[in-house]
Amino acid sequence: MRQIVTKGIVLARTDYGEADRILTVLTPDQGKVRLMAKGVRKVKSKLAGGIELFSVSLITYIPGRKDISTLVSTRLEKHYGGIISDIDRTMLGYELLKRINTSTEDEPGGEYFLLLQRGLAALDAGLALGLVEAWFDAQLLTLAGQQPNLQSDQRQQPLSGDATYVFDYATMCFLAQPDGPYTPEHIKVLRLLFGQPTPEKLLQVQGIEGYMPPLQTLISTLRQQALPR
Numbered sequence: 003m004r005q006i007v008t009k010g011i012v013l014a015r016t017d018y019g020e021a022d023r024i025l026t027v028l029t030p031d032q033g034k035v036r037l038m039a040k041g042v043r044k045v046k047s048k049l050a051g052g053i054e055l056f057s058v059s060l061i062t063y064i065p066g067r068k069d070i071s072t073l074v075s076t077r078l079e080k081h082y083g084g085i086i087s088d089i090d091r092t093m094l095g096y097e098l099l100k101r102i103n104t105s106t107e108d109e110p111g112g113e114y115f116l117l118l119q120r121g122l123a124a125l126d127a128g129l130a131l132g133l134v135e136a137w138f139d140a141q142l143l144t145l146a147g148q149q150p151n152l153q154s155d156q157r158q159q160p161l162s163g164d165a166t167y168v169f170d171y172a173t174m175c176f177l178a179q180p181d182g183p184y185t186p187e188h189i190k191v192l193r194l195l196f197g198q199p200t201p202e203k204l205l206q207v208q209g210i211e212g213y214m215p216p217l218q219t220l221i222s223t224l225r226q227q228a229l230p231r
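Numbering-wise (the working numbering), the sequence shown opens with residue 3 and increments by one.
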């Protein structure tokens, strides 16, 4: 019987029957898979230790004839235990799992696995929650092809280093306006949020915390408008 061995991150889990659990798992090469973990809720289950939330595990499963496959074995490779250090960090961790789950079809590419892995690692490392969330949402928008125009304004003119701007959500562009809430510095940080592969590099920006509140609002609004919820 054919078995598939791959890495996985548990996105969701549902109790089934007396001791089983159905898992939704994101993999780098098999998309999203639904796995039946038989007997996993029993005290001595050999599967339980390898399917913790906020973890990367090596999993082996037998593909099912329908939409649920059978989990055969698990081995924990990396557990991001720092995420559960406080309630706010834990809740954002759950939210990242949910956003990946709702934003992807059954066959997401490996880039979604890498994004989630990097997001969990950033939470585990203690990075500021607002920074991690804004970066993560910006990356989700980019993968979905929904990133804003950060090079030219609504009139197709290059964004100026001297002007201030408002943002038009309908056109996904900035519009020059005196005393607008977005300065050239805000736009520079926004480019980094959308362009950097990991959020850790954003820590090199001096005073980044002061720029984040309006950018968090902007990115959150874009996500709610453009991505499934």
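No residue lacks a Cβ here, since even glycine has one placed at the ideal position from N, Cα and C. On a predicted model such as this, the values are computed, not experimentally measured, just so you know.
Check: Would you call the stretch 5–12 in contact with the stretch 28–47, where contact means no fewer than 3 C-beta pairs closer than 8 Å?; Outcome: yes
Check: If you drop the 5 nearest sequence neighbours on each side, which residues of the same chain put their C-beta closer than 7 Å to that of residue 177?; Outcome: 155, 156, 167, 168, 170
Check: Determine the extent of the beta strand (DSSP E) in which residue 6 is found, giving its start and end residues.; Outcome: 6–18
Check: Could you give the residue range of the alpha helix (DSSP H) that holds residue 86?; Outcome: Counting along the chain, residue 86 falls outside any alpha helix (DSSP H), and DSSP gives it neither H nor E.
Check: So residue 178 is in the beta strand (DSSP E); what residue range does that whole segment cover?; Outcome: 175–178
Check: What number of angstroms, rounded off, separates the C-alpha of residue 227 from the C-alpha of residue 105?; Outcome: 12 Å
Check: For residue 70, collect the residues of the same chain with a Cβ closer than 6 Å to its Cβ; drop the 5 residues on either side in sequence, then sort them by chain order.; Outcome: 36, 38
Check: Using DSSP's beta-bridge definition, name the partner residues of residue 76.; Outcome: 61
Check: Tell me residue 154's beta-bridge partners as DSSP assigns them.; Outcome: 160
Check: For the pair the stretch 76–85 and the stretch 123–130, tell me if three or more CB-CB distances fall below 8 Å.; Outcome: yes
Check: At the level of alpha carbons, what is the spacing between residue 198 and residue 192?; Outcome: 10 Å
Check: Indicate whether the contact test is met: 3 or more Cβ pairs, each with one atom in the stretch 38–53 and one in the stretch 96–103, closer than 8 Å.; Outcome: no
Check: Within 10 angstroms of its Cβ, does residue 19 collect 16 or more other Cβ (buried), or is it exposed?; Outcome: exposed
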